[in-house]
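Chains as they are written, first to last, in our numbering: chain V, 1 to 149; chain X, 1001 to 1430. Each residue gets a CB set at the ideal place from its N, CA and C atoms; glycine is no exception.
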């Protein structure tokens, strides 16, 4: 089985923006999964994978849907929408980082991006229950789609 | 055609933090320039009160995700000054190495990813990558080399955990730092290529005469220590910053504005460091700067991109120098004995002078804290640059002028998160 890299993107100190990090932590102990907690700008995302890797990126977004709604983008098939409302303390964000990697020929063998709709991203806010449930849902979906469930 | 012209950028892109910009022009004269900083204030100085002095480096590092090392350095030096402790040359060398790592990553991020797209007419680094893949690839590698220094010395790439008052929690073994040498040797060639690439850009003619303020050291290019000097002849101990400069609150901004006492506009950062310390760069770096078209001084803020590339090259050489003669400090830190005292220090963050002052009690708790980030010192210079630039380019069409105004702001690599204490642009023409 190809190596699986799960990259959680976010910020522990801004409520639901922690969703990506929580998903990575949830999968940390799973066999055959390498997890990365990414707290920087999107351009350095490509440092975490090698060409043959299967990669899943999880991040929070604010698109106006109900909290905890899960979005899935197949970044291997086409561009990740930059205007999906990705939550980021840093620019360039996740979508720019992935599209830059595509232009530079640095995408991994397979790349999926999960977005989890956030309810609150204020400094010091808690993670909302709907988002915590969505983290669990995404973690299980990652294991399932990569044949590790 | 209407006589009123307003240029507005509601949220400036490619800067760190949140802010907006408004320029109002009436009858051919710039009437008003406002840099609105609406990133909420964070009250660091207030919540440091009552904390143990040893907590200052980790707490203040949180002011910025780009330059946490700068906050750690100014705070540890200030605490050590208060307690009259000198951790010695090995700790000093290791701190300089860590700081070089931060300069490399911060400068490369700004120069290549945030600033270069302005000169080449791209919306972002992503759009630029299509036509300039080599430059983007080498910049990413270069930035990574800086991150790796910070990780190796500081324990992790942002908000390092290994810095403490008195030294380091643990001194890395020489074998742990040795792998950095070949990476930095490769990075040196990449930094030269980046400088060469940027030197071919077209730079608008623009020369400003703000008072340049930077540290100056008897023999080194300034980083961790030195006296505060200026282009107007100021030469003071770093601890005397407050006797010669002041901060004022303006309604439109959650960031304070720092000025010379009496109201003079100051500018800190790469242009000031370079112009006041060119003779400290050393012959190889001076030659590289000259080849890139820079003279002994640089007052054109658009050319700050070149100075950042030159300083990146310098930081790589300095890091290599330290690494090649590295000996771990033993012990890795000295204990401070708290006493009732005040300590102040200034170091050179990538964006400029960062001043910290703390009053501590005999119980080792912080009684008062003052933190003056570089962006607070540069806001008036940015506003003055905008006023001068718009006045000289009133014939330029709206869309283009708005882009140029944003570039004028980005010239200074403002870190609004640090100074608020963020950015939107509005040009209003009567």
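For residue i, which of the options has the nearest alpha-carbon?
| i | options | result |
| --- | --- | --- |
| residue 22 of chain V | V/12, V/123, V/31 and V/104 | V/12 |
| residue 16 of chain V | V/5, V/36, V/45 and V/66 | V/66 |
| residue 1097 of chain X | X/1315, X/1349, X/1385 and X/1043 | X/1315 |
| residue 1431 of chain X | X/1055, X/1317 and X/1211 | Because residue 1431 of chain X is not part of the residues shown, which for chain X are 1001 to 1430, the question remains open. |
| residue 1281 of chain X | X/1020, X/1219 and X/1254 | X/1219 |
| residue 1341 of chain X | X/1049, X/1395, X/1081 and X/1134 | X/1081 |
| residue 1166 of chain X | X/1221, X/1380, X/1395 and X/1336 | X/1336 |
| residue 1348 of chain X | X/1391, X/1291 and X/1272 | X/1272 |
| residue 142 of chain V | V/71, V/51 and V/77 | V/71 |
| residue 1230 of chain X | X/1239, X/1404, X/1214 and X/1245 | X/1214 |
| residue 1264 of chain X | X/1029, X/1145, X/1239 and X/1248 | X/1248 |
| residue 1351 of chain X | X/1144, X/1211, X/1092 and X/1223 | X/1223 |
| residue 130 of chain V | V/117, V/20 and V/77 | V/117 |
| residue 1225 of chain X | X/1054, X/1051 and X/1078 | X/1078 |
| residue 1076 of chain X | X/1221, X/1066, X/1381 and X/1060 | X/1060 |
| residue 111 of chain V | V/57, V/33 and V/25 | V/57 |
| residue 1071 of chain X | X/1210, X/1371 and X/1389 | X/1371 |
| residue 1239 of chain X | X/1283, X/1354 and X/1399 | X/1354 |
| residue 51 of chain V | V/5, V/124, V/122 and V/135 | V/5 |
| residue 1104 of chain X | X/1194, X/1176 and X/1122 | X/1194 |
| residue 1256 of chain X | X/1027, X/1005, X/1028 and X/1045 | X/1045 |
| residue 1313 of chain X | X/1172, X/1162 and X/1190 | X/1190 |
| residue 1085 of chain X | X/1338, X/1031, X/1392 and X/1181 | X/1338 |
Using a C-beta to C-beta distance shorter than 8 Å, which residues of chain X count as neighbours of residue i?
| i | result |
| --- | --- |
| residue 92 of chain V | 1113, 1124, 1125 and 1126 |
| residue 45 of chain V | By Cβ distance, chain X contributes nothing, its closest Cβ being about 10 Å from residue 45 of chain V, past 8 Å. |
Using a C-beta to C-beta distance shorter than 8 Å, which residues of chain V count as neighbours of residue i?
| i | result |
| --- | --- |
| residue 1158 of chain X | 39 and 40 |
Mind checking whether the beta-carbon of residue i lies closer than 7 Å to any heavy atom of the ligand NAP?
| i | result |
| --- | --- |
| residue 1372 of chain X | Ligands displayed in this structure: none; no statement on the ligand NAP is therefore possible. |
Just mark residue i as buried or exposed, buried being the case when its beta carbon has 16 or more other beta carbons within 10 Å.
| i | result |
| --- | --- |
| residue 38 of chain V | buried |
| residue 1202 of chain X | exposed |
| residue 1115 of chain X | buried |
| residue 1001 of chain X | Note that residue 1001 of chain X has pLDDT 42, beneath the 50 cutoff, so the model's placement of it is unreliable and no number is given. |
| residue 1007 of chain X | buried |
| residue 1168 of chain X | buried |
| residue 1251 of chain X | exposed |
| residue 1383 of chain X | buried |
| residue 1410 of chain X | buried |
| residue 59 of chain V | buried |
| residue 1413 of chain X | buried |
| residue 140 of chain V | exposed |
| residue 1421 of chain X | Reliability of the predicted coordinates at residue 1421 of chain X is poor, the pLDDT of 30 falling under 50, and no value is obtained from them. |
| residue 1325 of chain X | exposed |
| residue 1174 of chain X | exposed |
| residue 7 of chain V | buried |
| residue 1245 of chain X | buried |
| residue 1065 of chain X | buried |
| residue 1373 of chain X | buried |
Rounded to whole angstroms, how far is the Cβ of residue i from the Cβ of residue j, which I believe are closer than 8 Å?
| i | j | result |
| --- | --- | --- |
| residue 1345 of chain X | residue 1074 of chain X | 5 Å |
| residue 148 of chain V | residue 62 of chain V | Contact flag wrong, Cβ pair sits at about 30 Å. |
| residue 138 of chain V | residue 18 of chain V | That belief does not hold up - the Cβ atoms of residue 138 of chain V and residue 18 of chain V are roughly 13 Å apart, past 8 Å. |
| residue 42 of chain V | residue 92 of chain V | 5 Å |
| residue 1140 of chain X | residue 1128 of chain X | That belief does not hold up - the Cβ atoms of residue 1140 of chain X and residue 1128 of chain X are roughly 12 Å apart, past 8 Å. |
| residue 1057 of chain X | residue 1206 of chain X | At roughly 38 Å, the Cβ-Cβ gap does not stay under 8 Å, so residue 1057 of chain X and residue 1206 of chain X are not in contact. |
| residue 1125 of chain X | residue 1136 of chain X | 6 Å |
| residue 1088 of chain X | residue 1328 of chain X | Contact doesn't hold; Cβ gap of about 12 Å is too wide. |
| residue 1266 of chain X | residue 1376 of chain X | That pair is no contact at about 10 Å. |
| residue 103 of chain V | residue 75 of chain V | In fact, because the Cβ distance is near 13 Å, the residues do not count as touching under 8 Å. |
| residue 1048 of chain X | residue 1366 of chain X | 5 Å |
| residue 1109 of chain X | residue 1212 of chain X | Contact flag wrong, Cβ pair sits at about 24 Å. |
| residue 1021 of chain X | residue 1405 of chain X | 6 Å |
| residue 73 of chain V | residue 135 of chain V | Between residue 135 of chain V and residue 73 of chain V the Cβ distance is about 17 Å, and since that is not below 8 Å, they are no contact. |
| residue 94 of chain V | residue 45 of chain V | 7 Å |
| residue 1253 of chain X | residue 1036 of chain X | 6 Å |
Closest Cβ-Cβ distance between residue i and chain B: below 8 Å?
| i | result |
| --- | --- |
| residue 66 of chain V | Any reference to chain B falls outside this structure, whose protein chains are V and X. |
Compile a chain-ordered list of the residues in the stretch 1121-1149 of chain X whose CB is closer than 8 Å to at least one CB of chain V. Going along the stretch 1121-1149 of chain X in chain order, one finds 1124, 1125, 1126, 1129, 1130, 1133, 1136, 1137, 1140, 1143, 1144 and 1147 with a Cβ nearer than 8 Å to chain V.
By the 7 Å beta-carbon criterion, what residues does the stretch 97-109 of chain V contribute toward chain X? Listed by position, the residues of the stretch 97-109 of chain V near chain X (Cβ gap below 7 Å) are 99, 100, 103 and 104.
Can you pull out the residues from the stretch 3-31 of chain V whose beta carbon lies closer than 8 Å to at least one beta carbon of chain X? Near chain X, meaning a CB-to-CB distance below 8 Å, no residue of the stretch 3-31 of chain V qualifies.
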